[in-house]
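One structure below.
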Amino acid sequence: MRDFSSYSVDELIEIADQPDRGALPAALRAVTGSASGSRVGGGVEVTVNLDGRIVGLELADSALTDMAALAAEIARLAGRATEAALEAGIALLAPVLGDQLTTELRAIVLPDEPAAPRPRVSPLDDRDDFSTVETWAV
956 MRDFSSYSVD
966 ELIEIADQPD
976 RGALPAALRA
986 VTGSASGSRV
996 GGGVEVTVNL
1006 DGRIVGLELA
1016 DSALTDMAAL
1026 AAEIARLAGR
1036 ATEAALEAGI
1046 ALLAPVLGDQ
1056 LTTELRAIVL
1066 PDEPAAPRPR
1076 VSPLDDRDDF
1086 STVETWAV
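When you number the sequence shown by the working numbering, it's gap-free, plus one each residue, and the end is 1093.
Here it is in structure tokens:
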């Protein structure tokens, strides 16, 4: 236990105003972000944790008609929900980090420009013809 008897009133007020750092990890674990949309003919809501993992998904029955469009919508909304979760996490860290580090962290994890889509990676050359069976066994 800390002995506060040697502190001045101003020092005690400053200590009392400091955020409770012991509660910060639990608060960060509880952070979620949500995004919703209706591009696929029905309501879709995606909730993610601070890691970007989907922890909640609500789909209207009408959203289940086009699975390819639904998958694309879920991926898009998961990205938006992740941004919301990161903003909430940064807001929790801001009192501990201070203005300069908070600004730098926001610039690193929430860039102004979205990342370019990754090119399709195919393990096989699309031009290969596998219509005939060949063997090299002797």
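C-beta atoms are modelled at their ideal positions from N, C-alpha and C, and glycine is treated no differently.
Since this is a predicted model, take the numbers as computed values, not measurements.
Need the endpoints of the beta strand (DSSP E) that residue i sits in, please.
i, result
"T987", "T987 to G992"
For residue i, is the beta carbon positioned less than 7 Å from some heavy atom of the ligand MG?
i, result
"V964", "Annotation note on the ligand MG: not contained in the displayed structure, which lists no ligands."
Between which two residues does the alpha helix (DSSP H) holding residue i run?
i, result
"G1011", "From DSSP, G1011 is part of no alpha helix (DSSP H) but of the beta strand (DSSP E) over I1009 to L1014."
"L1025", "M1022 to L1052"
"L967", "V964 to D972"
How should residue i be labelled, buried or exposed, when 16 other C-beta atoms within 10 angstroms of its C-beta is the threshold for buried?
i, result
"E1089", "exposed"
"V1051", "exposed"
"T1037", "buried"
"T1002", "buried"
"G1011", "exposed"
"L1032", "buried"
On the three-state DSSP scale, how would you describe residue i?
i, result
"E1089", "coil"
"E1068", "coil"
"V995", "coil"
Quick one: Cα of residue i to Cα of residue j, how far?
i, j, result
"S960", "E966", "11 Å"
"I1009", "A1030", "10 Å"
"D1006", "T1087", "46 Å"
"T1020", "R1035", "23 Å"
**Prompt:** Between the segment 1024 to 1031 and the segment 1041 to 1061, are three or more C-beta pairs nearer than 8 Å?
**Reply:** no
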